[in-house]
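Residue numbers (this note's numbering): 7 to 325.
Backbone N, C-alpha and C fix where the C-beta goes; we use that ideal spot for every residue, glycine too.
This structure is a prediction, so every number in the text was calculated from the model and none was measured.
See below for the structure under consideration.
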C-alpha cells in the first residue's frame with residue numbers, strides 16, 4: 007500500500023474525514039496545512055535527488071514513488087502579519103510554483119495534477135466532450151455570447167424557458183455583504199435589459215424541468231450518486247446551492263451503467279483520478295449532464311445522505 011501526502015488547509019472537514027479513515031486502515035500519511043508553510047513546515051527540492059522533502063517539528067518525509075499525493079486544497083501561505091502587502095503576490099506566486107513542481111513532476115499518483123484540473127475546468131470544453139462521449143446522456147441546449155440579439159432569439163426559441171449561469175462561481179462584494187451568483191431563470195424583465203450582456207460572453211442554457219438533481223462522486227474505479235431532491239423546496243428549485251436542508255432530502259441512488267461509463271470516460275479524457283459531476287434527472291426521465299468539478303466538495307452529501315463517500319475517496323488514494 008502507498009503512503010499518502012495530503013495537501014490541504016487547517017480545519018478542512020474533507021481531509022479530516024479521509025485521514026481518520028486512513029488511520030483506521032493503518033495507512034501512513036503526512037498532512038500539510040499549506041497556509042502554515044512559513045511557520046510550521048519546511049519544503050526542500052534538490053536537483054541531485056530530484057525529490058522533494060517536507061518536514062515539520064515532528065517528522066521529515068521524502069516524497070518518492072512510494073507516496074501518492076492528494077491535492078485537496080493548496081492555499082496561499084499566511085504571511086499577512088510579517089510581510090508588506092506589496093510583496094505578498096510574489097510570495098504567493100513563488101509558493102504556488104513550488105507546489106506545482108511537486109504535483110506536476112511526481113512519479114506516483116496525484117489526485118489531481120494541477121495542469122489536468124485546469125484543462126478540465128472549462129464548461130464549454132466539457133459540453134463539447136459530452137456530446138462526443140455521452141451516449142444516452144442529454145446535453146442542454148447552450149449558447150455563450152455577448153450578442154443581445156442571439157440571447158433574445160435563444161429566449162424565444164425556448165419559449166422563455168432558459169437560465170443564466172457563470173463560467174465560474176464567484177462571490178460578489180456589495181454594500182449588503184458578500185453574495186453568491188447562482189443559476190437563475192431568465193425573466194421577461196431580464197430580456198428588457200438584454201443589452202447588458204454586451205459587456206462579456208455569458209452562458210445561457212435551456213432550463214430543464216427536474217425530478218431531482220444528482221451529484222456524482224467519481225474515481226478511477228467507481229462512481230457514487232446522491233440524489234438531491236431540490237424540487238421539494240421553493241428555495242432550492244432553480245439551484246440546489248440555495249440550500250434548504252430542512253426540507254430537501256439527500257438519498258443515495260443506483261446509477262445506470264451509461265452514466266457511470268460517461269463519468270469514467272470524462273475523467274480519463276482529462277487525466278483525472280477524481281471528479282464530482284452535476285446532473286439533472288429530468289421530468290422526461292433523462293440524465294442531463296451539467297458540469298464536472300475536478301476538485302468538487304462532497305462531504306456534505308455523505309452527512310446528509312448517510313452514504314459513505316469517504317471510503318470511496320480514501321480507497322482511491324491508497325491504490
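Check                                                                                                                                                              : Outcome
Who are the Cβ neighbours of residue 312 in its own chain at under 8 Å, not counting the five residues just before and after it?                                   : 258
Would you give the residue range spanned by the alpha helix (DSSP H) that residue 275 belongs to?                                                                  : 263–276
Note down, in chain order, each residue of its chain lying with its Cβ closer than 7 Å to the Cβ of residue 191, except the 5 sequence neighbours on either side.  : 169, 213, 244
Could you compute how far the alpha carbon of residue 41 sits from the alpha carbon of residue 290?                                                                : 47 Å
May I have the straight-line CA-CA distance separating residue 86 from residue 167, to the nearest angstrom?                                                       : 47 Å
I need the DSSP call for residue 155, collapsed to helix, strand or coil.                                                                                          : helix
Closer than 6 Å by C-beta to residue 20: which residues in its own chain qualify, once you throw out the five before and the five after it? Chain order, please.   : 305
Mind pulling the alpha helix (DSSP H) runs of 4 or more residues that sit fully within the region 85–147?                                                          : 91–111, 120–126, 129–139
Check whether the region 155–162 and the region 216–230 are in contact - that is, three or more C-beta pairs closer than 8 Å.                                      : no
Since residue 5 and residue 233 are thought to touch, with beta carbons under 8 Å apart, how far apart are those beta carbons, to the nearest angstrom?            : The question about residue 5 has no answer, for the chain in this structure spans 7 to 325.
Just list the alpha helix (DSSP H) runs in the region 181–267, keeping only unbroken ones of 4 residues or longer that don't cross its boundaries, in chain order. : 194–198
When you compare each of 280, 254, 47, 252 to residue 67 by their alpha carbons, which one comes out closest?                                                      : 47
Going by other Cβ atoms of all chains shown within 10 Å of its Cβ, with 16 needed for buried, is residue 264 buried or exposed?                                    : exposed
Using three-state DSSP, classify residue 17 as helix, strand or coil.                                                                                              : coil
My assumption, with CB atoms under 8 Å, is that residue 226 sits in contact with residue 279. Please give the rounded CB distance.                                 : 5 Å
Strictly by DSSP, which residues pair up with residue 51?                                                                                                          : 58
In terms of alpha-carbon separation, which member of 162, 201, 242 lies closest to residue 211?                                                                    : 162
Helix, strand or coil: how does DSSP classify residue 308 here?                                                                                                    : helix
Consult DSSP for residue 323 and reduce its assignment to one of helix, strand or coil.                                                                            : helix
Expressed to the nearest angstrom, what Euclidean distance is found between the alpha-carbon atoms of residue 16 and residue 81?                                   : 10 Å
Quick one: measure Cβ to Cβ for residue 209 and residue 261, integer angstroms, because I've assumed they're closer than 8 Å.                                      : Wrong, their Cβ atoms sit about 26 Å apart, outside the cutoff.
How should residue 272 be labelled, buried or exposed, when 16 other C-beta atoms within 10 angstroms of its C-beta is the threshold for buried?                   : buried
Compute the Euclidean distance between the alpha carbons of residue 52 and residue 58, then round it to the nearest angstrom.                                      : 7 Å
Assign residue 193 to buried or exposed, taking buried as 16 or more other Cβ atoms, counted over all protein chains shown, within 10 Å of its Cβ.                 : exposed
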